[in-house]
Amino acid sequence: MFVRELSAPTPVALARKLASVPGFAWLDSDGSHTTDARYSFLAAAPAEVRRVAAGTADALSLLDALSAPEAGSGGEGAAVPSGTASETIAGLGVGTVDADLAPGSVPHWIGYIAYDACAASRLGALAPGVCFARYSAVFAFDHHGGRSFVVGDDA
28 MFVRELSAPT PVALARKLAS VPGFAWLDSD GSHTTDARYS FLAAAPAEVR
78 RVAAGTADAL SLLDALSAPE AGSGGEGAAV PSGTASETIA GLGVGTVDAD
128 LAPGSVPHWI GYIAYDACAA SRLGALAPGV CFARYSAVFA FDHHGGRSFV
178 VGDDA
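This is the structure:
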């Protein structure tokens with residue numbers, strides 16, 4: 028795992044650059060002064076996607092299999108990534124410097140659980156009941172400090 032501070036654009040500007048990349052996700056903070064609102068996170072091109080069909084009785088068991096990634100791991104069901112985290116950063120044209128953001132505080136699995144994920148009435152629904160994607164690089168914006176970082180699997 029690595030952490031680098033970026034001389035990156037605002038979250039909105041970066042979102043515009045990443046919006047067309049498959050698997051784009053944006054966890055947007057309101058920037059208030061509570062601990063939970065300190066960071067916004069953006070990611071795209073997941074290294075792995077896990078889904079469970081809607082209506083499956085044990086749909087939530089998928090959560091037991093989600094873990095912190097190890098460097099270079101693709102994991103079961105991995106999709107072909109569009110590039111390494113380092114290549115993604117280089118392609119955005121942002122500079123980097125070393126930083127001290129704790130990698131464990133950044134989400135690498137981003138997804139959703141449908142309210143009725145386990146309901147038998149949803150069996151065969153088009154949307155999955157549970158879907159999570161693991162990202163090899165996540166951009167974090169510190170709204171309190173006005174700084175931006177990337178946290179990734181590879182160096």
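In the working numbering, each residue's number is its place in the sequence shown (first place is 1) plus 27.
Positions of the beta carbon are idealized from the N, C-alpha and C atoms, including for glycine.
The structure displayed is predicted, hence computed values, not measured ones.
Determine the direct distance from the alpha carbon of Phe176 to that of Gly58, and round the result to whole angstroms. 16 Å
Secondary structure, beta strand (DSSP E): runs of 3+ residues fully inside the segment 29–63: 29–33 and 52–54
Are there three or more Cβ pairs, one per stretch, closer than 8 Å when the segment 66–82 is compared with the segment 35–50? yes
Are Arg65 and Asp169 closer than 8 Å when you measure CB to CB? yes
Three-state secondary structure assigned by DSSP to Leu69: strand
Which same chain residues end up closer than 7 Å to Leu41 when comparing Cβ atoms and leaving out the 5 residues on each side of it in sequence? Ala35, Leu69 and Phe166
Quick check on the burial criterion: 16 or more other C-beta atoms within 10 angstroms. Buried or exposed for Asp85? exposed
Please report the distance separating the alpha-carbon of Leu90 from that of Asp63. 22 Å
How many Å lie between Pro108 and Leu45 at the Cα? Note on Pro108: pLDDT 37, under 50, position unreliable in the model; the coordinate value appears next. If you take the alpha carbons of Pro108 and Leu45, they lie about 15 Å apart.
For Ala86, the first and last residue of its enclosing beta strand (DSSP E): Careful: Ala86 lies outside any beta strand (DSSP E) and carries neither H nor E.
List the endpoints of the continuous beta strand (DSSP E) containing Tyr162. Here Tyr162 belongs to no beta strand (DSSP E), and DSSP marks it neither H nor E.
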